[in-house]
Amino acid sequence: LGLFVDGNQTVVIADMWNHRIMQWKNDDTTNGHLVAGGKGAGNGLHQSDRPTDVLIGKETDSLIICDRWNPRVVRWSRRSDTTQDEILVNDIYCWDLAMDERRYVYVSDYVKHEVRRYQLGKRIGTLVAGVNGKGAALNQLNGPTYLFVDGHQNVYVSDNNNNRVMKWYKGAKEGIVVAGGQGQGNALTQLYGPQGLFVDTVDTVYVADAGNNRVMRWTQQATQGTLIVGGKSTGAGANQLNGPYGLSFGRHDNLYVTDRSNYRVQRFSIA
343 LGLFVDGNQT VVIADMWNHR IMQWKNDDTT NGHLVAGGKG AGNGLHQSDR
393 PTDVLIGKET DSLIICDRWN PRVVRWSRRS DTTQDEILVN DIYCWDLAMD
443 ERRYVYVSDY VKHEVRRYQL GKRIGTLVAG VNGKGAALNQ LNGPTYLFVD
493 GHQNVYVSDN NNNRVMKWYK GAKEGIVVAG GQGQGNALTQ LYGPQGLFVD
543 TVDTVYVADA GNNRVMRWTQ QATQGTLIVG GKSTGAGANQ LNGPYGLSFG
593 RHDNLYVTDR SNYRVQRFSI A
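Positions in the sequence shown are counted from 1; adding 342 to them yields our numbering.
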């Protein structure tokens, strides 16, 4: 599902149904390395149960993992000389993670229809999006999946069951629609089950439009999106996607997409 691309173009992926986190070095498509889990589904600190996302905590050289079905957020050390794995947050059906420049971790809770911000080491989070339970109003979410947090701590959320992407300014009591929100469909004004998110420095939104097997780009204040990847019917061709979920940018405007039902990660050069 979710993936993280570091500055060396190393790709780390939540391999959900194998209950593990895998890592691939740049341009090595054949030799993945197990870096967390992989010991069967379970709730031991050495195990995972259907993890949905992962990110790298650079300061502590660790992996922070959405261990969704346990349900918890855990941290695994990447260092071979330590086994200091720990639970960061309990009782949260997390779907996605994001970290801001101040090292706060943001977690989407698909069951509680909300997003919370956590200071590392603290288990009580601050509600930052979805303040009024499940629904379609601007102060609500319905099945939040993927997140992106910008440099001002504004939170972007793929509001999956409302077929829209929401932006919540820091401290806001409601969000604004920045993509979709025109009902489920495949028109350029619509989304169908949005998933992975990325937002660039000029607030252009890139979203994995999973139900339409495409990646869309929405510029700031646009009333419709632009197709940039996929959208050529379901398939396994190099220009096709089948259930795109995770999305991330690496160096040189390379877009990485978790092509879920094709069991692969695709890389595209985006001009």
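Glycine residues also receive a C-beta, built at the ideal position from the N, C-alpha and C atoms. All of these numbers come straight from a predicted model, not from anything done at the bench.
Mind checking whether the beta-carbon of Gly399 lies closer than 7 Å to any heavy atom of the ligand FAD?
Only the bare structure without any ligand can be found here, which leaves the ligand FAD out of the picture.
Quick one, are the C-beta atoms of Tyr452 and Thr487 less than 8 Å apart?
For the purposes of this step, residue 452 is taken as residue 110 along the sequence shown, with counting starting at 1. For the purposes of this step, residue 487 is taken as residue 145 along the sequence shown, with counting starting at 1. For Tyr452 and Thr487, yes; Cβs fall inside 8 Å.
Hey, Arg362 and Gly349: beta-carbon distance below 8 Å or not?
Sequence index remark: in the sequence shown, residue 362 carries index 20 (1-based). Sequence index remark: in the sequence shown, residue 349 carries index 7 (1-based). Not closer than 8 Å, so no.
Take Ile518 and list the residues in its own chain whose beta-carbon comes closer than 6 Å to its own, dropping the five residues that flank it on each side.
In the sequence shown, residue 518 corresponds to position 176, counting from 1. These residues qualify, in order along the chain: Lys509.
Quick one: Cα of Leu430 to Cα of Ala378, how far?
Against the sequence shown, residue 430 aligns to sequence position 88. Against the sequence shown, residue 378 aligns to sequence position 36. Cα-Cα distance, rounded: 16 Å.
Among Val353, Gly384, Asn385, Gly467, which one has its Cα closest to the Cα of Leu376?
Position 34 of the sequence shown, counting from 1, holds the residue named residue 376. Residue Val353 is the option with its Cα nearest to Leu376.
Considering only residues of the region 446-534, which uninterrupted beta strand (DSSP E) runs meet the minimum length of 3 residues and lie entirely inside it, listed in chain order?
Listed in chain order, they are 446-451, 456-461, 468-471, 486-491, 497-501, 506-510, 518-522.
Taking 8 Å as the cut-off, does the region 527-547 touch the region 500-508 (at least 3 CB pairs, one atom from each stretch)?
Touching, yes.
Does the Cβ of Leu469 have 16 or more other Cβ atoms within 10 Å, making it buried, or fewer, making it exposed?
For this step, residue 469 is matched to residue 127 along the sequence shown. Looking at its Cβ environment, which holds fewer than 16 other Cβ atoms inside 10 Å, Leu469 is exposed.
With a threshold of 8 Å between beta-carbons, can Arg559 be considered close to chain C, or not?
Of the protein chains in the structure, only one exists, and it is not chain C.
Taking the C-alpha atoms as reference points, what is the distance between Leu405 and Met364?
Position 63 of the sequence shown holds residue 405. Position 22 of the sequence shown holds residue 364. Distance between the alpha carbons of Leu405 and Met364 is about 11 Å.
Just confirm the distance between the C-beta atoms of Val416 and Asp403, as a whole number of angstroms; I'd bet it's less than 8 Å.
Along the sequence shown, read from residue 1 onward, the residue named residue 416 stands at position 74. Along the sequence shown, read from residue 1 onward, the residue named residue 403 stands at position 61. Incorrect: roughly 15 Å between the Cβ atoms, too far for contact.
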